[in-house]
Amino acid sequence: MSSMLKRVCLAILLLLSVSSQVRAAEILAVLSSPAEPYLVARKAFEQHFNTMAPGRGLKTIQPHIIRSVTLTQDEQDDALGTAVVERRPDFIVALGSRALSRSVQLPGKIPVIYLLVPSPEKILPADHQATGVLLQPRPGAEFRALHDLLPTLQRVGVVYNPAHTGDLIAATLANSKNFTFVLQPVNRSQEVAERLADLAGRVDLVWLPPDQTILAPQAEKSFYLFSLQHKVPLLAFSEKYLSRGASLAVRLDIDEMSRKAAMLAQLIQNGADAARITPLVMEKVQLRQNSLILNKLKSTRQEVSP
215 MSSMLKRVCL
225 AILLLLSVSS
235 QVRAAEILAV
245 LSSPAEPYLV
255 ARKAFEQHFN
265 TMAPGRGLKT
275 IQPHIIRSVT
285 LTQDEQDDAL
295 GTAVVERRPD
305 FIVALGSRAL
315 SRSVQLPGKI
325 PVIYLLVPSP
335 EKILPADHQA
345 TGVLLQPRPG
355 AEFRALHDLL
365 PTLQRVGVVY
375 NPAHTGDLIA
385 ATLANSKNFT
395 FVLQPVNRSQ
405 EVAERLADLA
415 GRVDLVWLPP
425 DQTILAPQAE
435 KSFYLFSLQH
445 KVPLLAFSEK
455 YLSRGASLAV
465 RLDIDEMSRK
475 AAMLAQLIQN
485 GADAARITPL
495 VMEKVQLRQN
505 SLILNKLKST
515 RQEVSP
């Protein structure tokens, strides 16, 4: 065999060896339901993951294989288990709490990446093989966004139960130096209306944090009434409260969450242990407005972007 032919054969062998290290991944996306946020996140994840270059070796020619299973309300439906047996995925992308709960119960310790899960720590077993993108943004992120939109706003009223959100409130205050927070702690939902009344004339905005005490139905209504009566905007932690009477709300950036999930997937594909990967936190958030409420509060559209 000539020396030239030997070199060509060696080059081909090396190419095949390196390419095999970065083969296309077999991924199973598990959706808690066919709800739009899960569908959007699944599509965005696929787009981001397929455009990311591998961490080592040559980029695989074949696109990653991403298949989906949508959970039904029938607890006897084992489409997920069947898909795992048939496809033997390299890892699972769990979209929503039900998807995460079912995924971490599967045999074989398949790595799991979760998205759109409010409290993953309540679902994950001690010996889990999972990581993900936290739904709750970095404390204070909403107020950094608020300062960009309304730089003259300074005083924020906060009614909360220290037993439930004391740590969150403390972390938010530490990361929100542009604001003065007027705190009104409560122990029971029946105290909320009175504590809100104490804020009259003292604040420029009221914050509705994810606190189960203040989110009791009657207590929650007190926030909307206070906002309208005193013409003070209400900032809620979730978009769903816009339709109920909040003026502003934190908007989930599903595309950015999916991009971060794709980064985690790349780490796992390159051999990282999912259980040892620290979950990622959203550093920035977007704010949405309820134009109808803001107009009632005599706010101008120029002050807040849609």
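Residue numbers (the numbering used here): 215 to 520. By construction, the Cβ of each residue, glycine as well, lies at the ideal position given by its N, Cα and C atoms.
- Message: Could you give the first and the last residue of the continuous beta strand (DSSP E) run that contains Ser282?
- Response: Walking along the sequence shown from the start, residue 282 turns up at place 68. Ser282 -> beta strand (DSSP E) spans Ile279 to Thr284.
- Closest to Gln404 by CA distance: which of Gly295, Ser436, Leu382 and Asp412 is it? Here residue 404 corresponds to residue number 190 of the sequence shown, with the count starting at 1. That would be Ser436, whose Cα lies nearest to the Cα of Gln404.
Within 10 angstroms of the Cβ of Val441, are there 16 or more other Cβ atoms? Answer buried if so, exposed if not.
Residue mapping note: residue 441 aligns to position 227 of the sequence shown, counting from 1. A quick correction: the sequence has Ser, not Val, at residue 441. Label assigned to Ser441: buried.
| request: Tell me whether the beta-carbon of Val372 lies closer than 8 Å to the beta-carbon of Ile383. | output: Stepping through the sequence shown from its first residue, residue 372 is reached at position 158. Stepping through the sequence shown from its first residue, residue 383 is reached at position 169. Yes.
Review point. Do you know whose CA, among Tyr374, Val406 and Arg402, lies nearest Phe395's CA?
Key: In the sequence shown, residue 395 corresponds to position 181, counting from 1. The residue with the shortest Cα to Cα distance from Phe395 is Tyr374.
Check: In its own chain, which residues sit with a C-beta less than 7 Å from the C-beta of Pro376, not counting the 5 before and 5 after it?
Finding: In the sequence shown, residue 376 corresponds to position 162, counting from 1. Answer for Pro376: Pro399, listed in chain order.
Note to self: Is the beta carbon of Ala433 closer than 8 Å to that of Phe259?
What the structure shows: Residue 259 sits at position 45 when you count from the first residue of the sequence shown. Residue 433 sits at position 219 when you count from the first residue of the sequence shown. For Phe259 and Ala433, no; Cβs fall outside 8 Å.
- Asp487 versus Asn392: straight-line alpha-carbon distance, rounded: Your numbering for residue 487 matches position 273 in the sequence shown. Your numbering for residue 392 matches position 178 in the sequence shown. The straight-line gap from Cα to Cα measures roughly 39 Å.
If distances are taken between C-alpha atoms only, which option among Leu314, Leu348 and Val495 comes closest to Lys323? Within the sequence shown, the letter at position 109 stands for residue 323. For Lys323, the nearest C-alpha among the options comes from Leu314.
Residues near Leu253 in its chain [Cβ-Cβ closer than 8 Å; skip 5 each side]: On the sequence shown, residue 253 is found 39 positions in, with the first residue counted as 1. Excluding sequence neighbours, Leu253 sits near Leu245.
Separation of Arg256 from Leu329, as counted between CA atoms | Walking along the sequence shown from the start, residue 329 turns up at place 115. Walking along the sequence shown from the start, residue 256 turns up at place 42. So the alpha carbons of these two residues sit roughly 9 Å apart.
Report task. Use the C-beta contact count for Gln264: other C-beta atoms within 10 angstroms, 16 or more gives buried, fewer gives exposed. Result -> Taking the first residue of the sequence shown as position 1, residue 264 is located at position 50. Here the sequence assigns Asn to residue 264, which means Gln is not the residue at that position. By the neighbour-count rule (16 or more Cβ atoms within 10 Å), Asn264 is not buried but exposed.
Roughly how many angstroms lie between the CA atoms of Val446 and Gln503, to the nearest whole one? Locating residue 446 in the sequence shown gives position 232, counting from the first residue. Locating residue 503 in the sequence shown gives position 289, counting from the first residue. Distance between the alpha carbons of Val446 and Gln503: 14 Å.
- Query: What do you reckon, are the CB atoms on Leu506 and Tyr455 nearer than 8 Å?
  - Reply: As a first step, residue 506 is located in the sequence shown; it is residue number 292 there, counting from the start. As a first step, residue 455 is located in the sequence shown; it is residue number 241 there, counting from the start. Contact flag unset, no.
Can you tell me where the beta strand (DSSP E) holding Ile327 begins and where it ends? As a working mapping, residue 327 is identified with position 113 in the sequence shown. Segment Val326 to Leu329, the beta strand (DSSP E) holding Ile327.
Helix, strand or coil for Gly295 per DSSP? The sequence position of residue 295 within the sequence shown is 81, counting from 1. Gly295: helix per DSSP, three-state reduction.
Contact between the stretch 406-416 and the stretch 350-365: three or more CB pairs below 8 Å?
-> no
ask   = In angstroms, rounded to a whole number, what distance separates the CA positions of Val495 and Arg416?
value = Residue 495 sits at position 281 when you count from the first residue of the sequence shown. Residue 416 sits at position 202 when you count from the first residue of the sequence shown. C-alpha separation (whole angstroms): 33 Å.
(request) Excluding the 5 residues preceding and the 5 following Thr386 in the sequence, name in chain order all residues of the same chain whose CB lies nearer than 6 Å to its CB. (result) One-based indexing of the sequence shown puts residue 386 at position 172. Excluding residues within five positions, the ones whose Cβ falls inside 6 Å are Pro353 and Gly354.
* Beta-carbon proximity check, Ile279 vs Ala238, cutoff 8 Å -> The count along the sequence shown starts at 1 and reaches residue 279 at position 65. The count along the sequence shown starts at 1 and reaches residue 238 at position 24. A contact, by the Cβ cut-off of 8 Å.
| Skipping 5 residues on each side, what residues in its chain have a beta carbon closer than 8 Å to that of Thr379? | Here residue 379 is taken as the residue at index 165 of the sequence shown, counted from 1. Taken in chain order, the residues that qualify are Pro423, Pro424 and Asp425.
In whole angstroms, what separates the C-alpha of Gln418 from that of Arg402?
One-based indexing of the sequence shown puts residue 418 at position 204. One-based indexing of the sequence shown puts residue 402 at position 188. Here the sequence assigns Asp to residue 418, which means Gln is not the residue at that position. Taking the straight line joining both Cα atoms gives about 25 Å.
TODO: Would you give the residue range spanned by the beta strand (DSSP E) that Gln319 belongs to?
DONE: Locating residue 319 in the sequence shown gives position 105, counting from the first residue. It is not in any beta strand (DSSP E) - Gln319 carries neither H nor E in the DSSP assignment.
Return the CA-CA distance between Gln368 and Tyr438, expressed in angstroms with no decimal places.
Counting from 1 along the sequence shown, the entry for residue 368 is found at position 154. Counting from 1 along the sequence shown, the entry for residue 438 is found at position 224. If I take the Cα positions, the gap works out to 20 Å.
Should Gly310 be labelled buried (16 or more other beta-carbon atoms within 10 Å of its own) or exposed?
Against the sequence shown, residue 310 aligns to sequence position 96. The residue is buried, with at least 16 neighbouring Cβ atoms inside 10 Å.
Taking just the CA atoms, how far does Thr366 sit from Gln516? Residue mapping note: residue 516 aligns to position 302 of the sequence shown, counting from 1. Residue mapping note: residue 366 aligns to position 152 of the sequence shown, counting from 1. Reliability fails at Gln516, whose pLDDT of 42 lies under 50, so the model's placement of it is uncertain and the value that follows must be treated cautiously. Taking the straight line joining both Cα atoms gives about 13 Å.
Could you tell me which of Thr427, Pro493 and Pro325 sits nearest to Pro351, measuring between CA atoms? In the sequence shown, counting from the first residue as 1, residue 351 sits at position 137. When each option's Cα is compared against that of Pro351, the closest is Pro493.
- Which residues does DSSP pair with Glu497 in a beta bridge? As a position in the sequence shown, residue 497 is number 283, starting the count at 1. In the DSSP output, where bridge partners are listed per residue, Glu497 has none listed.
Quiz item: What's the call for Pro303, buried or exposed, on a 16-neighbour Cβ count within 10 Å?
Solution: To locate residue 303, count along the sequence shown from 1; it is residue 89. Its Cβ being crowded by 16 or more others within 10 Å, Pro303 is buried.
query: Under the rule that 16 or more other beta-carbon atoms within 10 Å means buried, what is Thr345, buried or exposed?
result: Walking along the sequence shown from the start, residue 345 turns up at place 131. Looking at its Cβ environment, which holds 16 or more other Cβ atoms inside 10 Å, Thr345 is buried.
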